[in-house]
Each structure stands twice: as C-alpha cells, then as structure tokens.
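Peer 1: Residue numbers (our numbering): 290 to 995.
Take a look at the following structure, please.
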C-alpha cells in the first residue's frame with residue numbers, strides 16, 4: 290500500500306509504507322485496522338450523579354496533625370488570630386512567620402483545632418513546594434467527594450477542589466511551611482470565599498498585598514520552663530538556666546526535655562553535656578522523631594535555599610561570634626563593596642534567620658551556637674567555614690575600632706567612651722567568651738586588651754578584668770613572654786586591676802614587667818625606666834590603702850625589693866607623694882587623666898569633659914554663676930552619653946559639687962554629694978578612683994576649710 294499520492298496531494302512530504310498490510314500516514318489519523326479480525330476494548334467510568342454535583346458537604350471534613358498536649362502560652366497570638374478571622378465575607382489570608390523551630394505549626398494546629406462546626410472543611414496542607422500543595426488539594430478533593438476516590442486522576446481532583454472552594458465559603462485551609470508566596474497565589478486567586486492560615490519562614494515584606502502577618506517570637510522564660518517541665522516530668526535542677534541558654538526556642542526546649550527524659554538526667558546535667566558536646570546534642574532528637582526536625586538540621590533547609598546568594602553563609606558565621614542583639618550593620622557593610630553584604634543581610638532577614646532593627650542586626654543565640662558548631666556533613670558548617678567566620682569576626686571588630694581612631698580626636702570623650710564604643714566592647718566580650726583560647730592570636734590579644742580597658746573606663750568591674758586577663762593569656766599563647774605586645778597586655782591588666790581595687794594583682798603584674806625589662810634591655814632602657822615608674826606608683830597606691838584601710842598586700846615587700854634604691858627616683862619621676870597625709874588638693878589629681886583630654890582650645894559643646902573644663906576656667910576667672918551652669922550642663926551630657934555611674938560621669942558629678950561649694954551654694958552641694966558618694970562606693974568600690982571621687986565630694990578637711 291502506498292501513501293505517496295496522498296502526501297503529495299496534501300502538500301506534505303511524501304511517505305511510503307512497505308511490507309504486507311503496512312500503513313503509511315502523511316497526516317494524523319485516529320484508528321487503522323489491517324487484520325482480518327478487529328477487537329476493540331474500551332474502558333469507561335460512569336460517575337454517579339451526586340459525584341458531579343458541587344454541592345455543600347453534609348458532614349464534617351477535617352484533617353489536622355495531632356494537637357500537642359504540651360502546648361503552653363501564646364495567649365496573645367491566639368487572640369490575634371481570632372480577631373483576624375472573625376470578620377465575615379471575603380477571603381482572609383493570615384501568615385504566621387518566624388524562625389524555624391519557633392512553633393509556627395504548633396500554634397496553627399492549636400488555633401485550627403478550636404474551630405467549631407460552623408467552619409467546614411478544616412484542612413491542613415503541607416505546602417513547602419507546588420507539588421506538595423497540589424497533592425494536598427487532591428487529598429481534600431477525595432475527602433469532599435468520596436465517590437471520586439480512586440476514580441479521577443490527581444490533576445482532575447485538584448481542579449474539582451478549586452471549583453468547590455470557589456463556590457463555597459465557611460472553610461479553613463492551613464497551608465503549612467510555605468516557602469514562596471508565589472506558589473500559593475493561584476490558589477488564593479481562585480478560592481475567594483474562605484480562610485487561609487499560612488505558616489512560613491518568609492518575613493512580613495514577602496506577604497505585602499497578600500494578607501496580614503503575625504511575627505511569632507520565642508516563648509517567655511516562664512513559658513519555656515513550663516513546656517520543659519511538662520515534657521521532662523523529672524527533677525527541675527537547672528531548668529531555668531537551660532531554657533535561657535536555649536534562648537526559649539520551642540524546638541530546642543522540646544528536644545532537650547525529651548533527651549533529659551529518655552536519658553534520665555537533670556537539666557543541669559544536660560547543660561554540662563551541651564558545653565562539651567554541642568554538635569552531638571544539637572543533632573539528637575527523641576527516639577522515633579524526625580531527624581530533620583532537630584536543631585542541627587532545621588536551619589540547613591533555609592541556608593540551602595539561600596546558597597545562590599554570595600556571602601550568606603559566611604555572614605551568618607561572622608554574626609555567630611558576636612553578641613546576639615544590637616550588632617551594628619556598619620561592622621559588616623564595608624565602604625568598598627557594600628552590596629554583597631547588604632544583599633546577604635536582606636535575604637537572611639527575609640527568611641527569618643536574622644532580625645533587623647534601626648541600623649542593627651540581631652540573631653537568635655541558638656542560631657549562633659549551631660552555626661559556630663562544626664559539622665562535616667553540613668556544607669554550611671564545615672571546619673573551613675567556621676574557622677573563616679571566626680577569623681573575619683575578629684578582623685571586622687579591629688577594623689571598626691581603627692575607623693573610630695581615624696575619625697575621633699583622642700581628646701573627645703564622646704568618641705572614647707560613647708555608646709558606640711561601649712556596644713563594640715560588649716561584642717568583643719561575646720567573642721572572647723566563644724573564641725577557643727587555644728586558637729588565640731596576636732590580633733585577639735590586642736582586641737581583648739583594648740575592649741577591657743574601655744570597659745574599665747566606662748564600667749570598672751570583673752568584666753573588664755576578665756577581658757584583660759584573657760588578653761594576657763592570648764598574648765602569651767600567640768607571642769610568648771618576651772614580646773612587646775605581651776608586656777602591653779600585662780600593663781593593661783595591671784591598670785584595670787588598679788582601677789577596680791585589686792592592688793595586689795597589679796603589683797604582681799608590674800613586678801614581672803620590671804623583671805622582664807631589666808632582663809631584656811638592662812636597667813637604663815626607657816622601657817625599664819617606665820616599668821620601674823609604674824611599679825613605684827602601684828606601690829604608692831598600696832601604701833595609701835594600707836594607711837586608709839589597714840589593707841595588707843602579699844606582693845608589697847617583693848615590689849620594695851624589686852625597686853630597691855630606685856624607688857625614690859621612680860616616685861619623683863611620677864610626682865608620687867610618699868608617706869604624707871593626703872589632702873583634698875591631692876585628690877584633685879584623680880581627675881588629671883580626664884582633664885588632660887580637654888586641652889583643646891576648640892571646645893566641643895557636646896563633650897561633657899570639655900564643657901566641665903570650661904566650667905573650671907570660669908570658676909578660676911571668678912564667674913561662679915557661669916561655672917555652676919556649665920557644670921550642670923556637663924553632668925546632663927555625661928549622664929545621657931555615658932550613664933549615671935560611669936567613672937567619667939562620677940568625676941564630672943564630683944567636680945560639680947566642688948564648683949557649687951566654690952560658688953557658695955553649700956546646701957545644693959551637700960544634696961548632691963551624698964548621691965555621688967553612694968554611687969561611687971557602689972560602682973567603684975575601694976579602688977583609687979572610687980576613693981578619690983568620695984574625697985572630692987567630702988570637701989576639704991576641717992583644718993583646710995576656709
């Protein structure tokens with residue numbers, strides 16, 4: 290049989306068939322039979338009439354995951370959902386968004402399970418991808434019309450579901466874990482009469498123009514403790530500390546409580562294990578649980594999705610080494626090429642991995658902890674990633690300090706002790722707590738020393754001492770005992786110990802510095818002379834405390850021997866009075882370091898120390914009224930910029946009392962003096978600075994009073 294003429298007549302290409310009973314087709318044909326006998330088998334499905342009717346359902350149609358009996362808190366959020374969905378008519382879309390593990394799905398189940406019979410169907414759909422969404426809609430179609438189950442293909446069931454939803458109201462769909470709002474927009478467009486509750490990690494901006502949003506935060510501490518207690522049902526020792534360490538994140542609380550229950554251990558024991566083996570515990574969920582719903586895995590899904598954006602993983606690594614709240618964006622948005630960092634910040638925030646404030650970034654402490662923990666099986670947390678983030682975190686903090694040094698005059702107290710520097714010091718402090726001591730470098734040593742000194746100037750106490758102790762340890766580890774930077778770190782620690790009243794430790798440190806300098810450089814080198822002078826000054830402070838407080842110092846005799854005959858020469862070089870009664874005029878030297886910062890003729894009207902310098906000048910010139918007004922302004926500036934009990938503020942307040950007395954306003958001076966003295970004792974203790982502040986406000990001894 291030939292089909293050539295047919296092909297040519299139709300204008301198509303020529304086709305031929307060869308062989309007995311062969312067929313050639315130049316165009317589409319439906320059916321051809323060439324045999325002697327033909328058997329045709331067709332299958333048809335006859336649907337009952339009720340299967341085709343898009344009528345209302347006659348019974349309850351509900352599918353929700355199991356409601357947890359351990360649900361706690363969230364009264365405010367449940368009330369907000371009630372309010373959002375109570376308005377009649379029209380489609381309502383409400384998206385609950387937040388960090389993975391914060392309890393979005395648990396909240397949705399709890400609220401949806403409370404819907405009455407007037408809401409029907411109530412149906413839960415896993416909607417992480419379009420395929421999951423389609424499958425969930427097809428399942429709902431089977432539930433709406435059971436007669437169609439096993440009859441229509443998935444696509445047809447999905448379409449019938451959409452038709453039913455568009456023709457009826459009074460229903461609720463919960464779309465769980467929606468990754469991209471675009472995936473559900475076709476559904477929202479067609480089903481215009483019901484209610485959608487969406488859970489998602491995508492932030493509020495992703496839902497603009499689509500629906501209202503609810504930002505779900507972690508539990509309160511008391512709620513976290515209650516959740517842990519319900520699951521654990523065992524001894525509560527350390528439960529509050531553990532919940533705080535876990536950042537009150539519901540997934541973490543659930544995971545830890547289940548582990549404690551299964552292992553028969555207390556929360557405090559779990560805390561100890563967490564400190565030693567974080568990677569293991571982050572990856573260990575309850576027996577029979579979903580391995581993907583552990584702390585080690587829950588955020589990897591998000592980072593996998595963000596892998597196409599440069600610097601996302603590295604930025605999160607860097608942020609994980611600093612404090613969890615209030616990280617200035619300027620630390621990571623460098624002037625050279627800010628777009629990459631800005632884009633990484635944008636995407637992390639859009640997926641609820643970080644939270645943005647006014648020029649700041651915050652990261653949940655557990656996201657930080659997991660990010661810092663190495664996991665060879667996670668490409669975002671391999672050793673090279675964590676080491677790189679740790680290294681860059683140090684470099685960026687040093688760079689931030691360097692930028693300030695270039696921009697701020699050293700005589701500007703606002704620059705030296707302003708809020709920005711204090712925030713910086715807290716992030717260095719967080720880094721020091723997380724940075725492995727065995728990996729310390731010369732960079733970390735200088736960073737810790739600098740931050741410790743800054744903390745001592747703004748808030749002298751054990752935090753400043755701890756940072757400087759860490760700095761010395763880092764310098765010894767990285768540079769050895771004879772390096773110049775090690776001596777600098779030791780001197781910083783000695784100075785902070787003096788500021789906080791630990792004179793004996795300061796003596797011990799400066800004895801060592803003098804011995805090192807004499808061994809390395811000889812007795813007459815300038816470094817040796819400086820070390821000798823510093824030790825003499827510290828010994829003078831020990832003498833004063835011995836006279837004033839009856840204190841004894843284990844290293845005083847050793848310091849005397851180290852100085853030997855050079856003590857008098859060293860004291861003279863420093864201008865240190867020896868074994869002489871202390872008067873109020875000598876107390877004025879307590880503020881020498883502060884006064885020296887105000888030596889610029891171009892006074893800054895916003896710098897409290899420089900304003901106080903103007904007040905002092907006015908007093909010396911006899912203009913007491915102006916002096917008092919300037920002193921009051923200086924105190925107000927210092928309180929606002931540095932805090933009420935900052936050492937600088939306490940000195941400024943003390944000099945205000947002095948200037949008030951000089952102006953004859955004794956009653957006002959006495960009113961203020963008591964508060965300054967109490968604050969100085971509480972904040973500075975019996976340190977030299979604390980005693981001198983109290984001495985200033987006490988006024989001159991009776992024999993010196995005018």
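Just so you know, even glycine gets a beta-carbon here, dropped at the ideal spot from N, CA and C.
Since residue 620 sits in a beta bridge, which residues does DSSP pair it with?
Peer 2: For the purposes of this step, residue 620 is taken as the residue at position 331 of the chain shown. Paired residues: none, contrary to the question.
Peer 1: Whole angstroms are fine: how far does the CA of residue 436 sit from the CA of residue 465?
Peer 2: If you number the chain shown from 1, residue 465 lands on position 176. If you number the chain shown from 1, residue 436 lands on position 147. C-alpha separation (whole angstroms): 27 angstroms.
Peer 1: Can you find the residues in the same chain that come closer than 8 angstroms, C-beta to C-beta, to residue 506, ignoring five residues on each side of it along the sequence?
Peer 2: Against the chain shown, residue 506 aligns to sequence position 217. Once the five neighbours on either side are set aside, the close Cβ partners of residue 506 are 387 and 391.
Peer 1: Any idea which residues DSSP pairs residue 649 with across the strands?
Peer 2: As a working note, residue 649 is residue 360 in the chain shown. DSSP output for residue 649 lists 617 as bridge partner(s).
Peer 1: What residues match up with residue 385 in a beta bridge as DSSP calls it?
Peer 2: Taking the first residue of the chain shown as position 1, residue 385 is located at position 96. BP columns for residue 385 point to 488 and 503.
Peer 1: Quick check: residue 592 and residue 633, are their CB atoms within less than 8 angstroms of each other?
Peer 2: Here residue 592 corresponds to residue number 303 of the chain shown, with the count starting at 1. Here residue 633 corresponds to residue number 344 of the chain shown, with the count starting at 1. In this structure, residue 633 does not lie closer than 8 angstroms to residue 592 by Cβ.
Peer 1: Would you kindly report the start and end of the unbroken beta strand (DSSP E) that includes residue 467?
Peer 2: Here residue 467 refers to the residue found at position 178 when the chain shown is read from its first residue. Taken as a continuous stretch (DSSP letters only), the beta strand (DSSP E) holding residue 467 covers 461 to 467.
Peer 1: Can you tell which of 685, 313, 987 and 579 has its C-alpha closest to the C-alpha of residue 720?
Peer 2: Stepping through the chain shown from its first residue, residue 720 is reached at position 431. Out of 685, 313, 987 and 579, 685 has the C-alpha closest to the C-alpha of residue 720.
Peer 1: Return the bridge partner residues of residue 414 from the DSSP annotation.
Peer 2: As a working note, residue 414 is residue 125 in the chain shown. Residue 414 is bridged to 464.
Peer 1: Looking only at C-alpha atoms, which of 473, 739 and 461 sits nearest to residue 485?
Peer 2: Locating residue 485 in the chain shown gives position 196, counting from the first residue. Nearest of 473, 739 and 461 to residue 485, Cα basis: 461.
Peer 1: Cβ of residue 433 within 8 angstroms of Cβ of residue 346?
Peer 2: Here residue 433 refers to the residue found at position 144 when the chain shown is read from its first residue. Here residue 346 refers to the residue found at position 57 when the chain shown is read from its first residue. Yes, the Cβ-Cβ distance between residue 433 and residue 346 is below 8 angstroms.
Peer 1: For the stretch 407 to 423 and the stretch 495 to 506, state whether three or more C-beta atom pairs, one from each stretch, are separated by less than 8 angstroms.
Peer 2: With a cut-off of 8 angstroms, the stretch 495 to 506 and the stretch 407 to 423 do not count as touching, because too few Cβ pairs lie within range.
Peer 1: Going by DSSP in three states, residue 986 sits in which element: helix, strand or coil?
Peer 2: Mapped onto the chain shown, residue 986 falls at position 697. Of the three classes helix, strand and coil, the one that applies to residue 986 here is helix, per DSSP.
Peer 1: Go ahead and label residue 935 buried or exposed: buried means 16 or more other beta carbons lie within 10 angstroms of its beta carbon, across all protein chains shown.
Peer 2: Walking along the chain shown from the start, residue 935 turns up at place 646. Looking at its Cβ environment, which holds 16 or more other Cβ atoms inside 10 Å, residue 935 is buried.
Peer 1: Should residue 982 go down as buried or exposed, given a rule of 16 or more other Cβ atoms within 10 Å for buried?
Peer 2: Taking the chain shown and counting its residues from 1, the one referred to as residue 982 is at position 693. Under this definition residue 982 is a buried residue.
Peer 1: Measuring CB atoms only, is the stretch 758 to 773 touching the stretch 954 to 973, in the sense that at least three cross pairs come out at less than 8 angstroms?
Peer 2: Contact between the stretch 758 to 773 and the stretch 954 to 973 is absent, because fewer than three Cβ pairs lie under 8 angstroms.
Peer 1: Check whether the Cβ atoms of residue 682 and residue 588 sit closer than 8 angstroms, and answer yes or no.
Peer 2: Taking the first residue of the chain shown as 1, we reach residue 682 at position 393. Taking the first residue of the chain shown as 1, we reach residue 588 at position 299. Cβ distance not < 8 angstroms, so residue 682 and residue 588 don't count as in contact.
Peer 1: Taking the alpha-carbon positions, what's the residue 808 to residue 567 distance?
Peer 2: As a working note, residue 808 is residue 519 in the chain shown. As a working note, residue 567 is residue 278 in the chain shown. One C-alpha to the other measures close to 46 angstroms.
Peer 1: Roughly how many whole angstroms lie between the Cα atoms of residue 488 and residue 613?
Peer 2: Looking up residue 488 in the chain shown gives position 199. Looking up residue 613 in the chain shown gives position 324. Each residue's Cα considered, the two are about 25 angstroms apart.
Peer 1: If the criterion is Cβ atoms closer than 8 angstroms, does the pair residue 607 and residue 650 meet it?
Peer 2: Locating residue 607 in the chain shown gives position 318, where the first residue counts as 1. Locating residue 650 in the chain shown gives position 361, where the first residue counts as 1. It is not a contact, given that the beta carbons lie outside the stated cut-off.
Peer 1: So who's on the other strand from residue 352, going by DSSP bridges?
Peer 2: Working through the chain shown from its first residue, we reach residue 352 at position 63. Answer by DSSP bridge pairing, in chain order: 412.
Peer 1: Report the residue from 708, 794, 821 and 452 whose alpha carbon sits nearest the alpha carbon of residue 804.
Peer 2: Within the chain shown, residue 804 is the residue found at index 515, counting from 1. Measuring from the Cα of residue 804, the nearest candidate turns out to be 821.
Peer 1: From residue 399 to residue 463, what distance separates their C-alpha atoms?
Peer 2: Looking up residue 399 in the chain shown gives position 110. Looking up residue 463 in the chain shown gives position 174. Spanning the two alpha carbons is a distance of roughly 12 angstroms.
Peer 1: Where in the stretch 684 to 758 do unbroken runs of the alpha helix (DSSP H), each at least 4 residues long, occur, reported from the N-terminal end onward?
Peer 2: Whole alpha helix (DSSP H) segments, 4+ residues: 702 to 706, 708 to 723 and 731 to 747.
Peer 1: For residue 988 and residue 947, I'd like the C-alpha separation in whole angstroms.
Peer 2: Here residue 988 is taken as the residue at index 699 of the chain shown, counted from 1. Here residue 947 is taken as the residue at index 658 of the chain shown, counted from 1. Taking the straight line from one Cα to the other gives about 7 angstroms.
Peer 1: What are the partner residues of residue 644, as DSSP defines its beta bridges?
Peer 2: Working through the chain shown from its first residue, we reach residue 644 at position 355. Answer is 651.
Peer 1: In this structure, how does DSSP classify residue 473 when only helix, strand and coil are distinguished?
Peer 2: Taking the first residue of the chain shown as 1, we reach residue 473 at position 184. If DSSP states are grouped into helix, strand and coil, residue 473 belongs with coil.
Peer 1: Go to residue 457, then tell me how far its alpha helix (DSSP H) extends in each direction, as first and last residue.
Peer 2: The residue labelled residue 457 in the question sits at position 168 within the chain shown. Run containing residue 457: none; DSSP gives neither H nor E here.
Peer 1: Return the chain-ordered list of same chain residues with a C-beta closer than 7 angstroms to the C-beta of residue 723, the five sequence neighbours on each side being excluded.
Peer 2: One-based indexing of the chain shown puts residue 723 at position 434. These residues qualify, in order along the chain: 610 and 661.
Peer 1: Using the Cβ count rule (16 or more neighbours within 10 Å means buried), how would you classify residue 492?
Peer 2: By 1-based counting over the chain shown, the position of residue 492 is 203. Counting Cβ neighbours within 10 Å, residue 492 comes out buried, since at least 16 surround it.
Peer 1: Is it buried or exposed, residue 716, if we count other Cβ atoms within 10 angstroms and call 16 or more buried?
Peer 2: For the purposes of this step, residue 716 is taken as the residue at position 427 of the chain shown. With 16 or more other Cβ atoms within 10 Å, it is buried.
Peer 1: Could you check what DSSP says for residue 768 in three-state terms: helix, strand or coil?
Peer 2: The count along the chain shown starts at 1 and reaches residue 768 at position 479. In the structure shown, residue 768 sits in a helix (DSSP, three-state: H, G or I).
Peer 1: Going by Cα to Cα distance, which pick from 967, 927 and 798 is closest to residue 758?
Peer 2: As a working mapping, residue 758 is identified with position 469 in the chain shown. Looking at the Cα atoms, 798 is the closest of the given residues.
Peer 1: For residue 479, collect the residues of the same chain with a Cβ closer than 6 angstroms to its Cβ; drop the 5 residues on either side in sequence, then sort them by chain order.
Peer 2: Indexing the chain shown from 1 puts residue 479 at position 190. Excluding positions up to five away in sequence, the list reads 451 and 455.
Peer 1: Just checking my contact of residue 937 with residue 965 at CB under 8 angstroms: how many whole Å lie between their CB atoms?
Peer 2: By 1-based counting over the chain shown, the position of residue 937 is 648. By 1-based counting over the chain shown, the position of residue 965 is 676. Incorrect: roughly 13 angstroms between the Cβ atoms, too far for contact.
Peer 1: Are residue 383 and residue 373 touching if we call contact CB-CB under 8 angstroms?
Peer 2: What you label residue 383 is simply residue 94 of the chain shown in a count that begins at 1. What you label residue 373 is simply residue 84 of the chain shown in a count that begins at 1. Taking 8 angstroms as the Cβ cut-off, residue 383 and residue 373 qualify as a contacting pair.
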